[in-house]
Amino acid sequence: MALSVILVAIFAPLIAPYDPIEQLIWSEGAQARLAPPSLRHLMGTDIYGRDILSRIIYGSRISLQIGIFATVVSLLIGVPLGAMAGYIGKWVDDLISWLINVVFAFPFLLFVLAVIAVFQSPSLRVVYIAIGLVNWVGIARVVRAQFISLRDREFVEAAKALGLPRRTIIFKHILPNAIAPVIVQATLGMGSIIITEAGLAFLGFGAQPPTPSWGLMISEGQKYLSVGKWWWAIFPGLAIIYTVLAFNFLGDGLRDALDVRLKR
Amino acid sequence: MFSYVVRKLLYAVPVIWGVVTIVFILMAIVPGDPARLMMGQRGDPETLARIRADLGLDLPIHKQYVRFLKDLARGDLGVSYRNNEKVVDALMTRFGATLKLAFWAMILASILGILAGIISAVKQYSIFDYSAMFIAISGISAPVFWVGLLLLLIFAYTLHLIPGVGYVPGDWRYFILPVITLGVRPAALIARLTRSCMLEVMTQDYIRTARAKGLHERAVVMRHALKNALIPVVTIVGTEVADLLSGAVLTETIFAWPGVGRLAVEALVARDFPMIRGTVIFMAVIFLVANLIVDISYGFIDPRIRYD
């Protein structure tokens, strides 16, 4: 499932029947405005005469882009902090654990919104930085727990006895052994990042028009629900569900594959 | 038990301080002049300077922080840039609507989730189990605002069973869709968790003993298995408060519900920083208090925890 989303995003120009921002009212006339699903436009068109299927196909690029970059930001913050907390322990662990608890205390979406408010104008880069700044805590918790369970093992003692620097022990010796649950956590986190991005775009704090963001499409299409033009708002939601499900299944699958305890 | 409660309360203090400090820092680094934001283009330099002095914005940042903490200790969260309304007053006026929404959403989610979870576990691999778990996993993956719009489309705009968006105090019809919208995700999570906990408990020795005694299956499930299976479910109710508050931001926006979530969005759109600061701190504190209550009640339910 996840692979299908990734392939759609990569090959969007080949798969999409139309340009996602082309207003077809110029070529097809007024009937291209809010046209219901038909053979010509499988998911209908929006008020500007843009093909919704094509916008959804291109929208996968936005969702994946945010999902991947926000995850990278989360990993860049969460892995070193979690590793330091778990390996060094003592006051470093107290301090980082406190910070993790503080960030956890905020409702996720509201905190991301508050971070976005700091920037003058919302853009995709602001969105993934803001999500990453809030999302790292889940990763840090997993890394910390892994480091606590690994720090007293023989191979770490051996590395210490060899006089290796702390950074080498953390990143070259312990981290490779701790990475599996981090990958699972990061994959499962992709789903919630994609939903958060859609929520931000829906509220007007994410991608800006005419970007084919799924959340933005739902926001634009909601005005026409009451007059029976449902396709503009409903189809992008199905795309979100499919993508989030895909990453949740991938995360579950990876957990089953990587966790030897579950294989019993 | 008393020391357990005190420990939990003391533990919350540095976290609340952290929340308050992070929000202060975030709002302090926002570019732009709040005085200009309040006055728009009308402000002459003297008025702007007076507003800056009133708000303490002419003070060095550490003094602003101390002043902010002092005000906060007195329950003063400042004044809205937009309409000069006291932030605390705005929060108090709006909180009732959010609380009502979140409370009923949680009740609905708990009843539906626990019921579906039990039936799914008892009738594992049945059509009910497969359909309930399919709905649950879709419910977890669906954005809350989309669920709300879908419900509006079906029940308000197509079937005309329920009026559309709005808030009419005392009219329960306006209540149904927002409560369902907000309750879908927690219901799905509770259903999945109840199912897996029930399945785990049902394989334990004391259940086999209960069955061997010749107890009716219903008594085994309801009286013996459920009690232990529900302990982890209580925890999720606490963590779900954060989800409910995040969900309330979107649900209230769709249904024009006059709660704290919508207040936050309005403040963000208007870049009304004292109001943003107030709503974020308020919601985080509500979340901490809810978790504190869950933690403490958890100590009552499961005696092993308070002796940890």
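Same order as they appear, the protein sequences are chains A and B. Mapping of the first sequence onto the numbering used here: position 257 corresponds to residue 257, and the numbering continues sequentially without gaps. Mapping of the second sequence onto the numbering used here: position 106 corresponds to residue 106, and the numbering continues sequentially without gaps. C-beta: ideal position from N, C-alpha, C; glycine also.
- In the structure shown, residue 184 of chain B adopts helical secondary structure according to DSSP, grouped into three states.
- Residue state for residue 203 of chain B is assigned as coil, using DSSP reduced to three classes.
- Of all residues in the segment 180-196 of chain A, the ones placed with a Cβ closer than 8 Å to any Cβ belonging to chain B are 191, 195, in chain order.
- When only Cα atoms are considered, residue 176 of chain A and residue 168 of chain A end up about 11 Å apart.
- For the 7 Å CB-CB criterion, residue 233 of chain A and residue 132 of chain A do not form a contact.
- By the beta-carbon neighbour count (other beta carbons within 10 angstroms, threshold 16), residue 1 of chain B is exposed.
- Residue-level contact check: residue 18 of chain B touches chain A, since one or more beta carbons of chain A fall below 7 Å from its beta carbon.
- Nearest CB-CB separation between residue 109 of chain A and chain B: below the 7 Å threshold.
- Secondary structure within the segment 6-51 of chain A: the alpha helix (DSSP H) runs of 4 or more consecutive residues, fully enclosed, are 12-15, 25-28 (chain order).
- Assignment of alpha helix (DSSP H) within the segment 224-259 of chain A, counting only whole runs of 4 or more residues, yields 231-258 in chain order.
- Contact check for residue 110 of chain A against residue 19 of chain B fails: the beta carbons are separated by 7 Å or more.
- Boundaries of the alpha helix (DSSP H) around residue 246 of chain B: 226-254.
- Taking a Cβ-Cβ threshold of 8 Å, none of the residues of chain A is close to residue 274 of chain B; the smallest such distance is about 12 Å.
- Across the structure, residue 275 of chain B and residue 80 of chain B are spaced so that their CA atoms are roughly 6 Å apart.
- In the three-state scheme derived from DSSP, where H, G and I count as helix and E and B as strand, residue 156 of chain A is classed as helix.
- For residue 120 of chain A, the chain B residues whose Cβ falls inside 7 Å of its Cβ are 31, in order along the chain.
- Taking a Cβ-Cβ threshold of 7 Å, none of the residues of chain B is close to residue 232 of chain A; the smallest such distance is about 11 Å.
- In this model, residue 205 of chain B and residue 196 of chain B are separated by some 17 Å (Cα to Cα).
- Listed along chain B are 26, each with a C-beta nearer than 7 Å to that of residue 115 of chain A.
- Not flagged as an interface residue toward chain A: residue 104 of chain B, since no C-beta distance is shorter than 7 Å.
- Contacts with chain B at 7 Å (Cβ-Cβ) do not include residue 11 of chain A.
- Neighbours of residue 98 of chain A across chain B, judged by C-beta separation under 9 Å: 14, 15, 18.
- Where residue 70 of chain B is concerned, the enclosing alpha helix (DSSP H) starts and stops at 61-73.
- One Cα belongs to residue 74 of chain A, the other to residue 13 of chain A, and the distance between them is close to 30 Å.
- Legend: CB atoms of the segment 121-144 of chain A lying less than 9 Å from CB atoms of chain B are not found in any residue.
- Those residues of the segment 199-221 of chain A placed with their C-beta closer than 9 Å to a C-beta in chain B are 199, 202, 203, 204, 205, 214, 215, 218, 219, 221, ordered along the chain.
- For residue 105 of chain A, the C-beta contacts it makes with chain B under 7 Å involve 15, 19, 284, 287, 288, in order along the chain.
- At least 7 Å separates the CB of residue 199 of chain B from every CB of chain A.
- Taking the C-beta atoms as reference points, residue 141 of chain B is found no nearer than 7 Å to residue 132 of chain B.
- By DSSP's assignment, residue 79 of chain B forms a beta bridge with B:86.
- Taking 7 Å as the threshold, the shortest C-beta distance from residue 53 of chain A to chain B does not fall below it.
- Non-local C-beta neighbours of residue 78 of chain B in its own chain, meaning closer than 6 Å and more than five positions away in sequence, comprise 87, 274, ordered along the chain.
- Pairing residue 105 of chain A with residue 64 of chain A gives a Cβ-Cβ distance that is not under 7 Å.
- Taking a 10 Å sphere around the C-beta of residue 84 of chain A, we find 16 or more other C-beta atoms and assign the residue as buried.
- Excluding five sequence positions before and after residue 60 of chain A, the CB atoms of its chain that fall closer than 8 Å to its own CB belong to 5, 8, 9, 12, 239, 243, given in chain order.
- Distance between residue 56 of chain A and residue 251 of chain A, taken at the CA atoms: about 23 Å.
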